[in-house]
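A quick write-up on the structure given underneath.
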Amino acid sequence: MSSDGLKKVIITGATSGIGEGLVKRYSTCHKVIACGRNQEKLVDLESKNVETLRFDMTEKQHVFDAFEDLDSVDIVILNAGVCEYIDDATNFDASLFERIIHANVIATGYCLEALIPKIKPGGQLVIVSSSASFLPLPRAQAYGASKAALSYLTRVMQVELEHIDVTLVHPGFVETPLTDKNDFPMPFLVSVENACEAIFIGVENRKREIHFPKRFTLLLKLFALLPFSLWQPLAKRIKR
Ligand SMILES: NC(=O)c1ccc[n+]([C@@H]2O[C@H](COP(=O)([O-])OP(=O)(O)OC[C@H]3O[C@@H](n4cnc5c(N)ncnc54)[C@H](OP(=O)(O)O)[C@@H]3O)[C@@H](O)[C@H]2O)c1
Numbered sequence: 002m003s004s005d006g007l008k009k010v011i012i013t014g015a016t017s018g019i020g021e022g023l024v025k026r027y028s029t030c031h032k033v034i035a036c037g038r039n040q041e042k043l044v045d046l047e048s049k050n051v052e053t054l055r056f057d058m059t060e061k062q063h064v065f066d067a068f069e070d071l072d073s074v075d076i077v078i079l080n081a082g083v084c085e086y087i088d089d090a091t092n093f094d095a096s097l098f099e100r101i102i103h104a105n106v107i108a109t110g111y112c113l114e115a116l117i118p119k120i121k122p123g124g125q126l127v128i129v130s131s132s133a134s135f136l137p138l139p140r141a142q143a144y145g146a147s148k149a150a151l152s153y154l155t156r157v158m159q160v161e162l163e164h165i166d167v168t169l170v171h172p173g174f175v176e177t178p179l180t181d182k183n184d185f186p187m188p189f190l191v192s193v194e195n196a197c198e199a200i201f202i203g204v205e206n207r208k209r210e211i212h213f214p215k216r217f218t219l220l221l222k223l224f225a226l227l228p229f230s231l232w233q234p235l236a237k238r239i240k241r
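Under this note's numbering, the first residue of the sequence shown carries the number 2, and numbering increases by one thereafter.
Here it is as structure tokens:
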């Protein structure tokens, strides 16, 4: 806690979508440090008394420099992420694959190295993955693989880290600039406000996993338990 009794919360990807919503929610009761690249959005947050850090999380040294002077924090929410789809599996786009894995997985590693030592004993680490990690989804070779890696990484951290609680977040579809680009139907799409409330309550309760909306994520989890031969034809139909 800071001297004023408020918890200090770092949120990455705070300049858009879920991260921006989390900044709003956490600012009502905690002290937030918002991270992103978008200068205009960060200046706007500063005008609302939110502390900000501007850096590109894919640049290792920039991540270390950004957090160097930070003293201890109570909650770290690693939410920043990017999504691009592979349209042609036959002509695999390795550059796209590299971009997504770098931004979603490798850059999370940079943040973990820089931030884990700053989290107070009894503090919390929260990593935002995706329900896309549950099952192989069409065109998601890069995004899905990056999120499956994040889910695995987070679960290992839950096994390894004794002094803090680690929460893994698996959202379904949330209405944000990231999903605005999607050209396919998104079942059970939820608002940023509802998504952020679900995350906030789950983190307050120190849940190991937060997933929502349940009617969507439980269905995916059920399919993930069934033999792959049942999912494969359905996934091919979704693709068409
Ligand atoms: N929306 C969904 O349906 C959904 C579902 C499941 C999981 N998720 C996950 O939830 C997280 C947030 O998604 P969103 O929908 O809120 O996306 P969004 O609106 O596109 O926001 C993404 C955020 O990540 C930041 N970011 C991206 N690349 C960065 C980089 N290289 N360095 C620093 N910051 C970077 C962006 O900051 P700048 O704009 O300042 O660069 C932005 O604040 C992502 O991890 C996403 O995979 C989203």
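Cβ coordinates follow ideal geometry from the N, Cα and C atoms, glycine included. Computed from a prediction, not measured in an experiment: that's the story for all the values here.
- Beta-carbon gap between Lys-243 and Leu-7 smaller than 7 Å: Past the edges of the chain, shown from 2 to 241, lies residue 243, and the structure says nothing about it.
- [ ] Identify which residue in Pro-234, Lys-42 and Gln-40 has its Cα closest to the Cα of Pro-139.
- [x] Looking up residue 139 in the sequence shown gives position 138. Closest in alpha carbon position to Pro-139, among Pro-234, Lys-42 and Gln-40, is Pro-234.
How many Å lie between Ile-11 and Asn-92 at the Cα?
Position 10 of the sequence shown, counted from the first residue, corresponds to residue 11. Position 91 of the sequence shown, counted from the first residue, corresponds to residue 92. Straight across, the Cα-Cα distance linking Ile-11 with Asn-92 is about 39 Å.
_To the nearest angstrom, how far is the alpha carbon of Asp-184 from that of Arg-238?_
In the sequence shown, counting from the first residue as 1, residue 184 sits at position 183. In the sequence shown, counting from the first residue as 1, residue 238 sits at position 237. Distance between the alpha carbons of Asp-184 and Arg-238 is about 16 Å.
(request) Please state whether DSSP places Arg-241 in a helix, a strand or coil. (result) On the sequence shown, position 240 is the one that residue 241 refers to. Coil, per DSSP.
Less than 8 Å between the CB atoms is what I'm expecting for Thr-13 and Cys-36, so what's the real figure, rounded?
The count along the sequence shown starts at 1 and reaches residue 13 at position 12. The count along the sequence shown starts at 1 and reaches residue 36 at position 35. Taking C-beta atoms under 8 Å as the contact rule, Thr-13 and Cys-36 qualify, at a distance of about 5 Å.
### Task
Kindly indicate which residue of Cys-30, Gly-123 and Gly-18 has the alpha-carbon position closest to the one of Ile-202.
If you number the sequence shown from 1, residue 202 lands on position 201. Nearest option by C-alpha distance: Cys-30.
Per DSSP, the bridge partner or partners of Thr-53:
For the purposes of this step, residue 53 is identified with residue 52 of the sequence shown, where counting begins at 1. Thr-53 pairs with Ala-35.
* Which class does Ile-107 belong to by DSSP, given the choice of helix, strand or coil? -> Translated into the one-based positions of the sequence shown, residue 107 becomes position 106. Helix, per DSSP.
Quick check: what's the CA-CA separation for Phe-68 versus Ile-34?
Within the sequence shown, numbered from 1, the residue matching residue 68 stands at position 67. Within the sequence shown, numbered from 1, the residue matching residue 34 stands at position 33. When only Cα atoms are considered, Phe-68 and Ile-34 end up about 11 Å apart.
Going by beta-carbon coordinates alone, are Val-106 and Ser-147 separated by less than 7 Å? Locating residue 106 in the sequence shown gives position 105, where the first residue counts as 1. Locating residue 147 in the sequence shown gives position 146, where the first residue counts as 1. A contact, by the Cβ cut-off of 7 Å.
| said: Tell me which residues share the same chain as His-212 and place their Cβ nearer than 6 Å to its Cβ, disregarding the 5 neighbours each side in the sequence. | reply: To locate residue 212, count along the sequence shown from 1; it is residue 211. The answer, listed in chain order, is His-171 and Thr-218.
### Task
For Phe-213, name the three-state secondary structure that DSSP assigns.
As a first step, residue 213 must be located in the sequence shown, where it is residue number 212. When DSSP states are grouped into helix, strand and coil, Phe-213 belongs to the strand group.
- Task: Under the assumption that Ile-102 contacts Ala-143 (Cβ atoms under 8 Å), give the Cβ distance between them as a whole number of angstroms.
- Result: Reading the sequence shown from its first residue, position 101 is the one you call residue 102. Reading the sequence shown from its first residue, position 142 is the one you call residue 143. In this structure Ile-102 touches Ala-143 by the C-beta definition: roughly 7 Å separates them, less than 8 Å.
query: Is Arg-38 near ligand 1, going by C-beta to nearest heavy atom under 6 Å?
result: As a working mapping, residue 38 is identified with position 37 in the sequence shown. Correct: Arg-38 has its Cβ closer than 6 Å to ligand 1.
Sorry if obvious, but does the Cβ on Pro-139 come closer than 6 Å to a heavy atom of ligand 1?
Translated into the one-based positions of the sequence shown, residue 139 becomes position 138. Between ligand 1 and Pro-139, a heavy atom-to-CB distance of less than 6 Å is absent.
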